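**Student:**
Chains as they are written, first to last, in my numbering: chain Z, 1 to 298; chain E, 1001 to 1245.
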């Protein structure tokens, strides 16, 4: 199992409530995935600035002097906002690549969750409610976000095995299902020079999409290619800077429900996750078709 | 002079007002336990469930002829194993509505998710909206009527009973079907292995009319449907296929 939620706001007046709505949706799917939880939230993009979300097993050691040390290396003052085991490092947009390398060199235990102009990614092991509380998700604002509750089936319950997985700048992926050809694909992607943190199948799917995008496909095309190359069961939800997308495998046995009103588009593995959204009684509610890429963008 | 003692017999206490369970306030298990503990359906024939909010297994395992009105949408396995109950969902149903139904009736006013009526052995399942993939998978005697469309792989390995679709059917209808009868009024995207189009004989028209009557559908005629069923070529091992294994 696993649970996926997604919320894309059309009505700006809902933006202050994004974190609260999304974390409630996530908690409602706790029994689909009590191992770990994660969320990617999009908002607060500033012209010329980029955010890098990092995670450390020893935040008290790794985060306090990071801003000062990073500034010496990249020649620009970053801001570091700590949230529990994670921190969001904001740097000038043209320094992102350099900053990512420097952070990993300065702090060998730190892992990069993702980076981009708008995205912040938080994930940890534990019940969704505990994870939401740890990062104060309900206080977050933004334009859209996706979340995942994990019931691990094929690799260890670790922070890095939790979803979302970054697939590129401002892009991430969550997955319900299991891929059967991930070991072979991982070998092929390693030959291309990609590196992996876990034995997780979803990380392979994320790397696959990143690779396709690096070879010139857009995200929609990369997902279409995935229909051919990814063998197994999946409902994918992808987050992008401007929106989110949904793709189910041709058999489509992993559940998926979409709801749309004038104010939002919402995704849930089950209707339960959507049942408390404002105006859900009058929403258009339907199941996405198999092998069909759906996208909503601002 | 005739003397009757009928008037002195104690009046039976019948609770005509429905017993209402608000799932926002009452755990689901209390509802299902109460339904399972009905001693005599005539004493408490009407039940109502409010605020289901996508809960799983609402009114699963009902085995008395009571009416259960569910006000809202439900999650997995609503009315599963139903044996005699008349369950109406005033909303949509998640996966496996009416799974393994034995008898009775389930009506879904909205849409149904995948594998509606799976393995059902009897009774009638009516879906007024659309049903998604694998509707009636492995059905074993249930009758399923869908006013809208059904998704891919519906009636997969269907053994007996009738699947009636007023709209269209998706890919691989009736794959590896046994003796269930499929009636589709609209288009069929593709037929599964060993499923073929068949002629409508008068007995099939009569059979279909009877099912439509039971489902309360009066605006379509049996003649508008096409019948599909098993070509019966997968029943026995064919030596010509030996190389395939």
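Note that beta-carbon positions come from the ideal geometry of N, C-alpha and C, so glycine has one too. As the structure is a computational prediction, the values presented were derived from the model and not from experiment.
Measure the alpha-carbon distance for residue 1 of chain Z versus residue 1153 of chain E and round it to whole angstroms.
**Tutor:** For the purposes of this step, residue 1 of chain Z is identified with residue 1 of the first chain, where counting begins at 1. For the purposes of this step, residue 1153 of chain E is identified with residue 153 of the second chain, where counting begins at 1. Roughly 22 Å separates the two Cα atoms.
**Student:** Identify, in the order they occur along the chain, each residue of the same chain with its Cβ nearer than 6 Å to the Cβ of residue 1087 of chain E, setting aside the five sequence neighbours on each side.
**Tutor:** As a first step, residue 1087 of chain E must be located in the second chain, where it is residue number 87. 1059, 1068, 1079, 1106.
**Student:** In the DSSP assignment, find the unbroken beta strand (DSSP E) run with residue 248 of chain Z in it and report its ends.
**Tutor:** Within the first chain, residue 248 of chain Z is the residue found at index 248, counting from 1. Run containing residue 248 of chain Z: 243–248, per the beta strand (DSSP E) assignment.
**Student:** Assign residue 1190 of chain E to one of two classes, buried (16 or more other C-beta atoms within 10 Å of its C-beta) or exposed (fewer than that).
**Tutor:** Position 190 of the second chain, counted from the first residue, corresponds to residue 1190 of chain E. Classification for residue 1190 of chain E: exposed.
**Student:** Which one or two residues does DSSP pair with residue 1140 of chain E in a beta bridge?
**Tutor:** As a working note, residue 1140 of chain E is residue 140 in the second chain. In DSSP, residue 1140 of chain E forms a bridge with E/1160.
**Student:** Taking its Cβ as the centre, do 16 or more other Cβ atoms sit within 10 Å of residue 35 of chain Z, making it buried, or is it exposed?
**Tutor:** Within the first chain, the letter at position 35 stands for residue 35 of chain Z. The residue in question, residue 35 of chain Z, is buried, as its Cβ has 16 or more Cβ neighbours within 10 Å.
**Student:** Tell me the DSSP secondary structure of residue 1110 of chain E in three-state form.
**Tutor:** What you label residue 1110 of chain E is simply residue 110 of the second chain in a count that begins at 1. In the structure shown, residue 1110 of chain E sits in coil (DSSP, three-state: anything other than H, G, I, E or B).
**Student:** Might you give, ordered along the chain, the residues of its own chain that have their beta carbon closer than 6 Å to the beta carbon of residue 1187 of chain E, omitting 5 neighbours on each side?
**Tutor:** Against the second chain, residue 1187 of chain E aligns to sequence position 187. So the qualifying residues of the chain are 1168.
**Student:** Strictly under 8 Å for the Cβ-Cβ distance: is residue 1152 of chain E near chain Z by that measure?
**Tutor:** Sequence index remark: in the second chain, residue 1152 of chain E carries index 152 (1-based). Interface residue, yes.
**Student:** Excluding sequence positions up to five away, which residues of its chain have a Cβ less than 8 Å from the Cβ of residue 180 of chain Z?
**Tutor:** In the first chain, residue 180 of chain Z corresponds to position 180, counting from 1. Closer than 8 Å at the Cβ level, and outside the excluded window around residue 180 of chain Z, lie 231, 232.
**Student:** What is the residue span of the alpha helix (DSSP H) that residue 45 of chain Z lies within?
**Tutor:** As a working note, residue 45 of chain Z is residue 45 in the first chain. Where residue 45 of chain Z is concerned, there is no enclosing alpha helix (DSSP H), given that its DSSP letter is neither H nor E.
**Student:** What are the residues of the segment 251–273 of chain Z that lie near chain A, defined by any Cβ-Cβ distance shorter than 9 Å?
**Tutor:** Any reference to chain A falls outside this structure, whose protein chains are Z and E.
**Student:** Decide if residue 5 of chain Z is buried, meaning its Cβ has at least 16 other Cβ atoms within 10 Å, or exposed.
**Tutor:** Locating residue 5 of chain Z in the first chain gives position 5, counting from the first residue. Buried: at least 16 other Cβ atoms inside 10 Å.
**Student:** Please name the residues in the segment 1075–1102 of chain E whose beta-carbon is closer than 7 Å to at least one beta-carbon of chain Z, in chain order.
**Tutor:** Under the 7 Å Cβ criterion, the segment 1075–1102 of chain E contributes 1075, 1092, 1094, 1095.
**Student:** Quick one: which chain Z residues come within Cβ less than 7 Å of residue 1053 of chain E?
**Tutor:** Numbered from 1 along the second chain, position 53 holds the residue referred to as residue 1053 of chain E. Correct list: 272, 275.
**Student:** Does DSSP put residue 1170 of chain E in a helix, in a strand, or in coil?
**Tutor:** Stepping through the second chain from its first residue, residue 1170 of chain E is reached at position 170. Three-state result, residue 1170 of chain E: coil.
**Student:** Hey, could you find the ends of the beta strand (DSSP E) residue 176 of chain Z is sitting in?
**Tutor:** Against the first chain, residue 176 of chain Z aligns to sequence position 176. First-last of the beta strand (DSSP E) with residue 176 of chain Z: 171–179.
**Student:** CB residue 264 of chain Z to CB residue 8 of chain Z, shorter than 8 Å?
**Tutor:** Here residue 264 of chain Z is taken as the residue at index 264 of the first chain, counted from 1. Here residue 8 of chain Z is taken as the residue at index 8 of the first chain, counted from 1. It is a contact, given that the beta carbons lie within the stated cut-off.
**Student:** Is there at least one Cβ from chain E nearer than 8 Å to residue 237 of chain Z's Cβ?
**Tutor:** For the purposes of this step, residue 237 of chain Z is identified with residue 237 of the first chain, where counting begins at 1. It does not: the Cβ of residue 237 of chain Z has no partner Cβ on chain E nearer than 8 Å.
**Student:** Rounded to a whole number of angstroms, what is the C-alpha to C-alpha distance between residue 95 of chain Z and residue 78 of chain Z?
**Tutor:** Start at 1 with the first residue of the first chain, and residue 95 of chain Z comes out as number 95. Start at 1 with the first residue of the first chain, and residue 78 of chain Z comes out as number 78. Looking at the two C-alpha atoms, the distance is approximately 10 Å.
**Student:** Could you pull the DSSP bridge partners for residue 1067 of chain E from this structure?
**Tutor:** Sequence index remark: in the second chain, residue 1067 of chain E carries index 67 (1-based). Paired residue(s): E/1046, E/1086.
**Student:** Counting along the chain, where does the beta strand (DSSP E) carrying residue 1230 of chain E start and finish?
**Tutor:** As a first step, residue 1230 of chain E is located in the second chain; it is residue number 230 there, counting from the start. Per DSSP, residue 1230 of chain E belongs to the beta strand (DSSP E) from 1226–1230.
**Student:** Could you tell me whether the Cβ atoms of residue 1226 of chain E and residue 1194 of chain E are closer together than 8 Å?
**Tutor:** To locate residue 1226 of chain E, count along the second chain from 1; it is residue 226. To locate residue 1194 of chain E, count along the second chain from 1; it is residue 194. No, they are not a contact pair.
**Student:** Taking 8 Å as the threshold (C-beta atoms), are residue 266 of chain Z and residue 259 of chain Z in contact?
**Tutor:** On the first chain, residue 259 of chain Z is found 259 positions in, with the first residue counted as 1. On the first chain, residue 266 of chain Z is found 266 positions in, with the first residue counted as 1. Yes, they are a contact pair.
**Student:** Using CA atoms only, rank isn't needed, just tell me which of Z/76, Z/174, Z/246 is closest to residue 3 of chain Z.
**Tutor:** By 1-based counting over the first chain, the position of residue 3 of chain Z is 3. Taking only the C-alpha atoms, the option nearest residue 3 of chain Z is Z/174.
**Student:** Could you spell out where the beta strand (DSSP E) holding residue 235 of chain Z opens and where it closes?
**Tutor:** Here residue 235 of chain Z corresponds to residue number 235 of the first chain, with the count starting at 1. That run of the beta strand (DSSP E) goes 232–239.
**Student:** Going by DSSP, what residue range makes up the beta strand (DSSP E) through residue 268 of chain Z?
**Tutor:** Position 268 of the first chain holds residue 268 of chain Z. First-last of the beta strand (DSSP E) with residue 268 of chain Z: 264–268.
**Student:** My parser needs the alpha helix (DSSP H) runs of 4 or more residues fully inside the segment 112–174 of chain Z; what are they?
**Tutor:** Runs found: 128–134.
**Student:** Let me check one thing: in DSSP terms, what residues is residue 8 of chain Z bridge-paired to?
**Tutor:** What you label residue 8 of chain Z is simply residue 8 of the first chain in a count that begins at 1. Note: residue 8 of chain Z sits in a beta bridge opposite Z/144, Z/265.
**Student:** For residue 127 of chain Z, which residues from the same chain have a beta carbon less than 7 Å from its beta carbon, with the 5 sequence-adjacent residues on both sides left out?
**Tutor:** Locating residue 127 of chain Z in the first chain gives position 127, where the first residue counts as 1. Cβ within range, chain order: 30, 34.
**Student:** Does residue 1114 of chain E get closer than 8 Å to chain Z when you measure Cβ to Cβ?
**Tutor:** Here residue 1114 of chain E refers to the residue found at position 114 of the second chain. Judged by the 8 Å Cβ criterion, residue 1114 of chain E is in contact with chain Z.
**Student:** Is residue 1237 of chain E near the ligand MG, going by C-beta to nearest heavy atom under 7 Å?
**Tutor:** With respect to the ligand MG, the structure shown offers nothing to examine, as it has no ligands at all.
**Student:** Which term fits residue 124 of chain Z, buried or exposed, when burial requires 16 or more other beta carbons within 10 angstroms of its beta carbon?
**Tutor:** Position 124 of the first chain, counted from the first residue, corresponds to residue 124 of chain Z. Buried, because 16 or more other Cβ atoms sit within 10 Å of the Cβ of residue 124 of chain Z.
**Student:** Start and end of the beta strand (DSSP E) containing residue 79 of chain Z?
**Tutor:** Looking up residue 79 of chain Z in the first chain gives position 79. Residues 79–83.
**Student:** Suppose the cutoff is 8 Å on Cβ atoms and the five residues either side in sequence are ignored; what does the same chain contact list for residue 294 of chain Z look like?
**Tutor:** Here residue 294 of chain Z refers to the residue found at position 294 when the first chain is read from its first residue. For residue 294 of chain Z, where only same-chain residues beyond five positions count, the Cβ hits under 8 Å are 245, 246, 247, 258, 288.
**Student:** Just verifying my parser: in three-state terms, what is the DSSP assignment at residue 107 of chain Z?
**Tutor:** To locate residue 107 of chain Z, count along the first chain from 1; it is residue 107. Here residue 107 of chain Z sits in coil by DSSP.
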